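*Asks:* The structure's right below; bear with me while I get my questions together.
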Amino acid sequence: MMRLELVKRPQRSALFSALSPFIAFALTIIAGAIMFALLGVNPLTAFNIYFIEPISQVWQLHELAIKAAPLILIAVGLSVCYKANVWNIGAEGQFIFGAIFGSIIPVLFPQFEGPLVLPLMLLLGMVGGAVYAAIPAFLKTRFNTNEILTSLMLVYVAQLFLDWLVRGPWRDPQGHGFPQTIQFGDSAVLPELLPDAGRANWGFVFALVAAVLIWILMSRMLKGFEVRVLGSSPRAGRFAGFGLKRMVFFAFLLSGALAGLAGISEVSGAIGQLQPVISPGYGFTAIIVAFLGRLNPLGIVAAGLVLALTYLGGEAVQSALGISDKVARVFQGMLLFFVLGCDTLIHYRIRLVGLALTKPEGAAKLDPEPKLKEAR
Amino acid sequence: MSANQDGTNLLEVRGLTKIFGTLTACDHIDLDIARGEIHALLGENGAGKSTLVKMLFGSLEPNSGEIFWNGQAVRISSPGVAKKLGIGMVFQHFSLFEALTAAENIALSLDDGSPISSIAAKARALSFSYGLPLDPESLVGDLSVGERQRIEIIRCLLQTPQLIILDEPTSVLTPQEADKLFETLDRLRSEGKSILYISHRLEEVKRICDRATVLRHGKVVGHCNPRAETASSLARMMVGNEVQAVVRAPVEGIATAQPLLEIRNLSRKPATPFSIPLKSIDLNVRAGEVIGIAGVAGNGQGEFFESVSGEVLQQDAGSVRIRGKNAGNLSITGRRLLGAAFVPEERLGHGAAPRMKLSENLLLSRHATDGKAFVGGGGMVDSAAIYAAAQRIIEAMDVRKSAPDPEAAALSGGNLQKFIVGRELDRRPSVMVVNQPTWGVDAGAAAHIRQALIELSRSGSAVLVISQDLDELFEISDAIAVMHNGALSEPMPIAEATFEKVGLLMGGAEPGHAEHTMETA
C-alpha cells in the first residue's frame, strides 16, 4: 500500500516554476491521445493533423498569427489583473464592447473616410473595452461585489447586446435580412502585414508591442511594482501608500482596453463587419494563455501561439477526420487543468508514503525525503 | 500518579538532531527532565528551541537521536502520540476561535465526543482548583490575552499531562498576570508534574525554574541551576558574549522643545466586532525624546498605530499633527512626506512584502519620499540606485543574509527587523513611530535597534515606541504612557516610573487609585 502525500516546500521551486507548463503540455498530449483512441482514431494520425499540418505552410502561419493576436493582447492585460489579485474573467465581454465601440465609425458614419478613421476606431475600441471593464471595477470598489461573478455575467450581457445590434438597429439594409452590419469601408480595414504571403494583419504587431510594453511596465516601472506588491501582500501595499481601490480600477481599465483593442482589431482586420458572434471564446481562452505563460508577458506570447494552434487544429481534425471542432475546447480545458495542477509542484513536492512509515519503530529512518531533495 | 517509578527521569533526550537543508537546527541535543521540576529552555531566537520542542511534541520528526519517556524509547510521530504519552503544550500564539466560547474551543481540541456542558463543568472545576479564574461560557473574542492563555492551559490540563511545555508564556502578560501564572506553575510542580519552560526572560527563569538548559546555534552549551547564576551570566551563555548595554544620555529642556508629533483627541470606532475602539487619545512627542507606550497586546496598539501612520484616515484633520501641520486626513504617503517614518509590528506581509527582494522592499516605504533618487523619468525604477541604498542599509545595520539581495522571507526575523528599521532611519525622519521594535529579535540585534532609536531622538527627532516589552521601554524611553482598552494614560517621566506602577496601569487601574487596586488585587 502506497499513498501520495504533498509536502510543502520551504520556498517556491524555481525549477518547477519553469517546468510546470511543459509538464502540463506533456500530460495534455497523453490525455489527448487517450481521447483520440477512444474516438476510434489513431492518435499519431490525429496529432499530425492537429498539431503539425496546420503550421506546415507560410499562409498557415499567417492564420496562426491571426488567431494568436487577440489571445496575446487579451492575456497580457489579464496578466496585470491576476498579478494584482484582481480576477477579471470578463475579457470576452470587453472584447465585444471594444468591437462595438470601434465599429461606430464604419457603421454609422460610412461616408467618413481617410487616414484618421483607423486610429480613431482603435482608440474607440480601447475606450469601449475599458468602459465595460469599469463596471465590475466600480461594483467591486463601491459595493464589494465579487468581480469574478460580475465580470463573467457581463459577458452574456455583451453577447446579447451585440446580437440585438446586428439584428436590429445596425443591420445592413441591403443584407437580405442577414444579421450583420455593412461591410467596413477600405479605410476602416486593418491592413495586412504581407498581403502576398498571407492574411495576417497589424493586430499581431499590436499584440507583440503590447507584450513588450507590459513587460517593461511590470518589471521596470514603479506602477508594476505597485501591482505586484498589492497583489502579493495587500497590507504591505497599504503600508506603502498604494491604494487598493485605485489598483482595481487600473487593472480592469488596462485589461479592458487591451481586450477592446483586440476586439476592434479582430472585427476590422479578420472579419470586416460586425456579426452576431465575433469571437470563438478568445476572452476565455486568454485566461488559459495568461496562466500557461506564467503571467509573464513574454511567456504569454509563446502560450498564445500554442493556444492559437489548438483552434486551427480543431478546425483541421473536423474537416479531415470528421471529429467535432469542440475538440479544441477539450484541449484548452485540459491544458488549463493540467497547468493549474502542475503549479502545485511549485509549492509542494510529492512523496510516496509506504506502510513502513506508519509503523511505530524501525524503517522510519529510510525517509524518501533526502533522495527527492537530491533529485531536484 | 506515576511519580514513584524512581530512578528514571520522566523524559530523556539523547543526541536529538534535526537538519533542514544545510542548516542543523538541533545538533545532538541531550536533555533530562525529572519528575516535578520546572526546567527552563533558554536561548536566543534561532537557537533551536522551537525545533526541539516541536520534535518533543511530535510536529517535527528528528533526523537522528532518541527520546526516552519513563525510561522507554519512544517515537513521537504526531501531536496525537505526544498527547497520549502525556505531553501537553501551550503555544506562544494561541489557536482559538474568537467567535466561539471558551468551552467550545476546549471541546474542539478534545474530540472525544463528550457534551459541551460536561466539558464546561470540568473546565470550571479545574480553573477553580488551579487559581485560573475563567468562565467557560464567555466568548473568546471578549477575553483578554491573559484569559485566553488560561483557556490554552486548561485545555492542556484537561488531558492530564505529566509534562507541560510552555512556549514564552509571559510575553503577552502584565507583570501581575505573570505572577498568577507562576503560582499555578508552582502548584503543578508540587503535584509532581514536570514543566518545560521556554523563555528568554532571565529574571523569571531565575525565579521559578529549578534547572536550565541553554541552547546556542542548535547546540547545548550548558545545563545549570539558574538560581545560582546571575542574569548576566545566563545572558553570556545564551549570546556567547556580553550584550552591549544601551546608553541613554539624559536630555535637557525637553519640556520647552517643539512637539513634532501631536495627537489630539484621537478616537476611532471599532472596525470589526473584535477590534478595540480608540478613546480620545492625547499625546505630544517632542523633538529629542523617546516616548514609550506600554500595554498588554490587543489593547488598541495596532489600531492606534494604523491611525497615526495614516493607513487609516481620521475625520478630524487636527487629530494627528506632524511638525505642526494637520495630518489627520493625509495618507501614509502624505505623512511620510511631512517627515514621519513608520515601522509596523508585523514584519512579513506588512512592513515588508515577503516574496520581494530587500532592494524592492526599500522602495516599499520610500518610493515617494525618495522619488527623485529611486524613480527616474516616466516612472522607471532605478534599480541600481535602490540596490546601492539597500546595501548601505544592510551595512549600517549589520543585516546578516545569505545572498546579496535576498527575498525578505529568506531573512531571519531579527535581521529583517534590522533592515526595516534601518530603511526608515536611513531617511533621518523627524518623527519615527515604531510598533514592537524588537519583537522576536535576538539580544544583540535588539540592543543595536534600541541604541539606534535613542540616537535618532538625540539628533533632534521625535520617537514614539509601542512595545509589550517593559524592560525595553524602561531602557530607552524618556517617558512611558500605558494603553489599556483603547485609552492612553498620561506619560510618566522615566524617573518616576516603576514596573509596579506601569503594570497596574496595564491591568486597567485608574492612575489615581493605584494604591487601592494593589490591595485588592
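Residue numbers (my numbering), protein chains in the order written: chain A, 1 to 376; chain B, 1001 to 1521.
Each residue gets a CB set at the ideal place from its N, CA and C atoms; glycine is no exception.
Model, not experiment: these values are computed from the prediction.
For Gly1071 (chain B) and Pro1161 (chain B), what's the separation of their Cα atoms in angstroms?
*Replies:* Using only the alpha carbons, I get a separation of about 17 Å.
*Asks:* Nearest to Asn144 (chain A) by alpha carbon, out of A:Ser103, A:Val248, A:His347?
*Replies:* Per the Cα distances, A:Val248.
*Asks:* Is the Cβ of Phe138 (chain A) closer than 8 Å to any Cβ of chain B?
*Replies:* Cβ-Cβ to chain B under 8 Å: no for Phe138 (chain A).
*Asks:* Skipping 5 residues on each side, what residues in its chain have a beta carbon closer than 7 Å to that of Val1502 (chain B)?
*Replies:* Once the five neighbours on either side are set aside, the close Cβ partners of Val1502 (chain B) are Ala1294, Leu1470, Ile1480, Val1482.
*Asks:* Roughly how far, in whole angstroms, is the beta-carbon of Val1433 (chain B) from the beta-carbon of Phe1342 (chain B), given that I think they are within contact range, below 8 Å?
*Replies:* Confirmed, Cβ separation roughly 5 Å.
*Asks:* From which residue to which residue does the alpha helix (DSSP H) around Asp1471 (chain B) run?
*Replies:* That run of the alpha helix (DSSP H) goes 1470-1476.
*Asks:* By how many angstroms is the C-alpha of Gly1351 (chain B) removed from the C-alpha of Phe1419 (chain B)?
*Replies:* Cα-Cα distance, rounded: 10 Å.
*Asks:* For Gly1413 (chain B) and Ala1447 (chain B), what's the separation of their Cα atoms in angstroms?
*Replies:* Roughly 15 Å separates the two Cα atoms.
*Asks:* Quick check: Val7 (chain A) and Arg351 (chain A), are their CB atoms within less than 8 Å of each other?
*Replies:* Result yes, Cβ atoms of Val7 (chain A) and Arg351 (chain A) sit closer than 8 Å.
*Asks:* Count the other C-beta atoms from every protein chain shown that fall within 10 angstroms of the C-beta of Ala1373 (chain B), then say buried if there are 16 or more, exposed otherwise.
*Replies:* The residue is exposed, with fewer than 16 neighbouring Cβ atoms inside 10 Å.
*Asks:* Could you give the distance in angstroms between the alpha-carbon of Ala211 (chain A) and the alpha-carbon of Gly175 (chain A)?
*Replies:* Their Cα atoms are separated by approximately 38 Å.
*Asks:* Mind checking if His1093 (chain B) is an interface residue toward chain A, Cβ cutoff 8 Å exclusive?
*Replies:* So, not an interface residue.
*Asks:* Using only the alpha-carbon positions, how far apart do Cys1026 (chain B) and Gly231 (chain A) sit?
*Replies:* If you take the alpha carbons of Cys1026 (chain B) and Gly231 (chain A), they lie about 36 Å apart.
*Asks:* Comparing the C-beta of Thr1017 (chain B) with each C-beta of chain A, is any distance below 8 Å?
*Replies:* It does not: the Cβ of Thr1017 (chain B) has no partner Cβ on chain A nearer than 8 Å.
*Asks:* Just by C-beta distance, which residues in the region 221-233 of chain A are closer than 8 Å to chain B?
*Replies:* For the region 221-233 of chain A, which is checked against every Cβ of chain B, the residues closer than 8 Å are Met221, Leu222, Lys223, Phe225, Arg228, Val229, Ser232, Ser233.
*Asks:* Can you say whether Glu1152 (chain B) is buried or exposed, counting buried as having 16 or more other CB atoms within 10 angstroms of its CB?
*Replies:* Flag for Glu1152 (chain B) reads buried.
*Asks:* Report the rounded CA-to-CA distance for Ala286 (chain A) versus Gly272 (chain A), giving the unit in angstroms.
*Replies:* The straight-line gap from Cα to Cα measures roughly 22 Å.
*Asks:* Within 10 Å of its beta-carbon, does Asp1478 (chain B) have 16 or more other beta-carbons around it, so buried, or fewer, so exposed?
*Replies:* Flag for Asp1478 (chain B) reads buried.
*Asks:* If we cut at 8 Å on Cβ distances, does Arg167 (chain A) have a partner in chain B?
*Replies:* Not closer than 8 Å to any Cβ of chain B, the Cβ of Arg167 (chain A) fails to qualify, so no.
*Asks:* Using a Cβ distance threshold of 8 Å, determine whether the region 1423-1439 of chain B contacts the region 1299-1310 of chain B, with at least three qualifying pairs required.
*Replies:* Touching, yes, given that three or more Cβ pairs across the two stretches are closer than 8 Å.
*Asks:* Using a C-beta cutoff of 8 Å, does Phe239 (chain A) count as contacting chain B?
*Replies:* Yes, because at least one Cβ of chain B sits closer than 8 Å to the Cβ of Phe239 (chain A).
*Asks:* Output, in chain order, the set of chain B residues within a Cβ distance shorter than 7 Å of Arg351 (chain A).
*Replies:* Here the premise fails: no neighbours, minimum Cβ distance about 13 Å.
*Asks:* Classify Gln332 (chain A): buried if its beta carbon has 16 or more other beta carbons within 10 angstroms, exposed otherwise.
*Replies:* The residue in question, Gln332 (chain A), is buried, as its Cβ has 16 or more Cβ neighbours within 10 Å.
*Asks:* Bridge partners of Glu1262 (chain B), per DSSP?
*Replies:* Its beta-bridge partners are B:Asn1284, B:Arg1321.
*Asks:* Judging by CA-CA distance, which residue of B:Asp1167, B:Ile1165, B:Leu1173 is the nearest neighbour of Gly1146 (chain B)?
*Replies:* Comparing Cα-Cα distances from Gly1146 (chain B) to each of B:Asp1167, B:Ile1165, B:Leu1173, the minimum goes to B:Leu1173.
*Asks:* For Ala84 (chain A), count neighbouring C-beta atoms within 10 Å of its own C-beta (all shown protein chains included) and say buried if the count is 16 or more, exposed if not.
*Replies:* It counts as buried.
*Asks:* Give me the Cα-Cα distance between Lys245 (chain A) and Arg1366 (chain B), rounded to the nearest whole angstrom.
*Replies:* Rounded to whole angstroms, Lys245 (chain A) to Arg1366 (chain B) spans 21 Å at the Cα level.
*Asks:* For Leu1031 (chain B), I'd like the list of residues in its chain whose CB is within less than 6 Å of its CB, leaving aside the five on either flank, ordered along the chain.
*Replies:* Only Val1013, Thr1213 meet the Cβ criterion.
*Asks:* How would you label Gly1377 (chain B), buried or exposed, when you count the other beta carbons within 10 angstroms and need 16 or more for buried?
*Replies:* Exposed, since its Cβ has fewer than 16 Cβ neighbours within 10 Å.
*Asks:* Any beta-carbon of chain B closer than 8 Å to the one on Arg235 (chain A)?
*Replies:* Closer than 8 Å: yes.
*Asks:* So who's on the other strand from Met1483 (chain B), going by DSSP bridges?
*Replies:* Paired residues: B:Leu1488.
*Asks:* With DSSP as the reference, please indicate the residues paired to Glu266 (chain A) in a beta bridge.
*Replies:* For Glu266 (chain A), which the question treats as bridged, DSSP gives no partner whatsoever.
*Asks:* Enumerate, from N- to C-terminal direction, the unbroken alpha helix (DSSP H) stretches of 4 or more residues contained entirely within the region 1325-1395 of chain B.
*Replies:* Runs of the alpha helix (DSSP H) inside the region 1325-1395 of chain B: 1332-1337, 1358-1366, 1371-1374.
*Asks:* Cα separation between Gly313 (chain A) and Ser324 (chain A)?
*Replies:* Cα-Cα distance, rounded: 11 Å.
*Asks:* DSSP on Ser1267 (chain B), reduced to helix/strand/coil?
*Replies:* The answer is strand: DSSP assigns Ser1267 (chain B) an E or B state.
*Asks:* Kindly list the residues whose CB is nearer than 7 Å to the CB of Gly1339 (chain B), restricted to its own chain and excluding five residues on each side of it in sequence; keep chain order.
*Replies:* Excluding sequence neighbours, Gly1339 (chain B) sits near Ile1322, Arg1323, Pro1429, Ser1430, Val1431.
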